[in-house]
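Counted from 1, the sequence shown has number 392 at position 393 by numbering that gives the first Met the number 0; the numbering is strictly sequential.
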Amino acid sequence: MTTTPEPYNLYHHVQGQKVQGTSGRFGDVYNPATGKVTKRVPLASADEVRQVIRAAADALPGWSAVPPGRRAQVMFKYRDLLIGHMDELAEIVSSEHGKTIDDAKGSITRGLEVVEFACGIPQLLKGEYSESVGTDVESYSMRQPVGVCAGITPFNFPAMVPMWMFPVAIACGNTFVLKPSEKDPSCSLRMAELMEEAGLPKGVLNVVLGDKEAVDTLLTDPDVAAVSFVGSTPVGEYIYKTGCAHGKRVQALCGAKNHMVVMPDADMEQVTDAVIGSAYGSAGERCMAISVVVAVGDETGDELIGRLGPRIEALHVGPYTDSKAEMGPLVTPDHLKKVRDYVDTGVEEGADLVVDGRGLKVEDHEEGAFLGGCLFDNVKKGMRIYEEEIFGPVLCVVRVDSYDEALELVNEHEYGNGCAVFTRDGDCARHFTTSARIGMVGVNVPIPVPVAYHSFGGWKRSLFGDHFIHGPEGVRFYTRLKTVSARWPSGIKDGAVFNFKAGGEH
Ligand code: NAD
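Spelled out as structure tokens, the structure:
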């Protein structure tokens, strides 16, 4: 008989030390596959967070003075350590988030690519120079660190999303306080240890665990200069407004409802594969998951539903320890309830539930937060399952008669993170890419996540602030531009410049 070990307490990571929480408040971390609480996460008090911010502020003068080439050396070593610790990190991610090991490794690799981008920081920080902007006057620009930066991250990518932030911020010469999701914080703690193993001075990257109280302290403390947030729209809007009101630079990447428009001429086999991967991968808990398919023409809709149904029913759902699993559980029992409630709502609203995953049982994991893939047909604008972000393995198919109607749906939705069009027609694809009011657009690519040396972000209520994350926009966010105008009277005319005297006078 196996016994479940007692949950143990996690710790904050401050100045390279494991620091126990003193607030007396704790949250639960689950293994979503078993439904059991495995760890307790200390929820920091405002005073504890202030101490972490002080640690980052103390480390700032030293780190910002380190030449960019030497900062890059830390990133090169960190990259090697991430590769060496890939299995360990993936296990941490999967055991707290629930996603399959392959999904976890894929997400760590996407984070690693941002680290590789940050290795090029000396090149990225280069300024511009103009000679002779006036007589004897030159002008040049430089990008300097903004100061102490904070990162507040969601549960769905516990490795990748923090790595969208801290490698770029730190390579730019800032110090960092990371406040990961309290649902799966362990990967952030391990990544901070690895950064120090790579040579990062203590205090440059700190991890504080907590909830709203911690976040509010980061948003209001005068020593925090910039805040990066990734999470849901209501929280992101609050973070943007509060951070800005306290004089901080804020980027808040938020919720989504990503549409895939399927034209009648699309390759339906390719579409079906793309939908299965993008709607049900990672149990739909991706901000770039396809959650709405807009089928143009009834024949397209019929064919799609006919092809998708059996594929969704055949999905192998199981714990990350099952190497055959294609989809894991949802992150917590609460989140499972929220997603199931949406499925109930869709039925009440009159949409056709073609595949119902609510009855799924995973053997030996009856308490796990599992939900089978769900597919709704004939979803209409105005239904809650269409308008709201569900963040689970639930796909809505909306049928329309024309491309124009499809584009209108995409453009009228409050979210504008990602979208895709599947077609063989270049004219249609070009019109869609230029007309969609969406931050990231795919053409026959279902999840158009930009590579690390481009920038990631949405439009409309999927992003508050002016900057996308990572890539060139990330460097701009984590630096301030300074422009210098300098006059050096040459003195050549009277010959004085060559007339040096001993002792440095001239
Ligand atoms: P969430 O908004 O609940 O939490 C995100 C972070 O905010 C966490 O660290 C949490 O502790 C903190 N937080 C929660 N409530 C708060 C409050 N009232 N005040 C201050 N801080 C608070 O998001 P989540 O459930 O962890 O993640 C899922 C959401 O993240 C989805 O909406 C998803 O679309 C979004 N997301 C967006 C992107 C993107 O790039 N646009 C990427 C990943 C996830």
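All C-beta atoms in this analysis are idealised placements derived from N, C-alpha and C, irrespective of residue type, glycine included.
Note that the coordinates shown come from a computational prediction; the quantities given were computed from them, not determined experimentally.
- One Cα belongs to Gly296, the other to Phe467, and the distance between them is close to 35 angstroms.
- For Tyr77, the enclosing alpha helix (DSSP H) begins and ends at Pro67 to Gly83.
- Short of 6 angstroms from the beta carbon of Ala485, and not among the five residues preceding or following it, lie these beta carbons of its own chain, in chain order: Glu137.
- The continuous stretches of beta strand (DSSP E) do not include Phe116, which lies in the alpha helix (DSSP H) extending over residues Ile100 to Ala117.
- Around the beta carbon of Arg109, a 10 Å sphere encloses 16 or more other beta carbons of the protein chains shown; the residue is thus reported as buried.
- Between Phe228 and Ala368, the alpha-carbon positions lie close to 26 angstroms from each other.
- The DSSP-derived three-state label of Pro41 is strand.
- Distance check between Lys201 and each of Lys379, Ala58, Lys459 and Val450 places Ala58 closest, using alpha-carbon atoms only.
- Our two residues, Cys418 and Tyr319, have alpha carbons roughly 29 angstroms apart in a direct line.
- Gly15 is positioned such that its CB atom lies no closer than 8 angstroms to that of Pro332.
- Inclusion of Leu111 and Arg78 in the CB contact set at 8 angstroms is warranted, their separation being smaller than that value.
- Here the distance from the Cβ of Phe154 to the nearest heavy atom of the ligand NAD is below 7 angstroms.
- For Gly473, the enclosing alpha helix (DSSP H) has its first and last residue at Gly470 to Phe476.
- By the beta-carbon neighbour count (other beta carbons within 10 angstroms, threshold 16), Pro153 is buried.
- Ser290 places its beta carbon less than 8 angstroms from that of Leu394.
- Annotation for Tyr237 indicates a beta carbon within 7 angstroms of some heavy atom of the ligand NAD.
- Nearest in C-alpha terms to Gly391, of all of Tyr7, Ala55, Leu81 and Gly97, is Gly97.
- Taking Val28 as reference, the option from Pro488, Asp403 and His334 with the minimal CA-CA separation is His334.
- Distance check between Glu388 and each of Asn257, Ile82, Arg142 and Ala313 places Asn257 closest, using alpha-carbon atoms only.
- Given a length threshold of 3 residues, each whole run of the beta strand (DSSP E) inside the segment 391-434 is given here in chain order: 393-399 and 417-421.
- Straight-line spacing of the CA atoms in Val207 and Val145 works out to 20 angstroms.
- In this model, Met159 and Leu177 are separated by some 13 angstroms (Cα to Cα).
- Going by DSSP, Asp215 is part of the alpha helix (DSSP H) stretching over Lys211 to Thr219.
- In summary, Gln122 is exposed, with fewer than 16 beta-carbon neighbours lying within 10 Å of its beta-carbon over all protein chains present.
- Judged by DSSP secondary structure, Leu123 falls within the alpha helix (DSSP H) whose first and last residues are Ile120 to Leu123.
- For Phe25, the uninterrupted beta strand (DSSP E) run begins and ends at Phe25 to Asn30, by DSSP.
- Taking the CA atoms as reference points, Glu472 sits about 11 angstroms from Ala451.
- Short of 6 angstroms from the beta carbon of Gly300, and not among the five residues preceding or following it, lie these beta carbons of its own chain, in chain order: Ala294 and Arg398.
- In the three-state DSSP reduction, Leu177 falls in the strand class (E or B).
- Boundaries of the alpha helix (DSSP H) harbouring Glu192: Ser185 to Glu196, taken from the DSSP string.
- If you draw a 10 Å sphere on the C-beta of Asn30, you find 16 or more other C-beta atoms in it, and that means buried.
- According to the DSSP assignment, Ile238 belongs to the alpha helix (DSSP H) that extends over Thr232 to Ala244.
- Distance from the Cα of Trp487 is smallest, within the candidate group Val167, Tyr402 and Thr134, for Thr134.
- If you draw a 10 Å sphere on the C-beta of Ala32, you find 16 or more other C-beta atoms in it, and that means buried.
- For Pro447, there is no enclosing beta strand (DSSP E), as DSSP gives it neither H nor E.
- Just measuring C-alpha positions, the residue of Glu411, Thr433, Glu413 and Tyr414 sitting nearest Val420 is Thr433.
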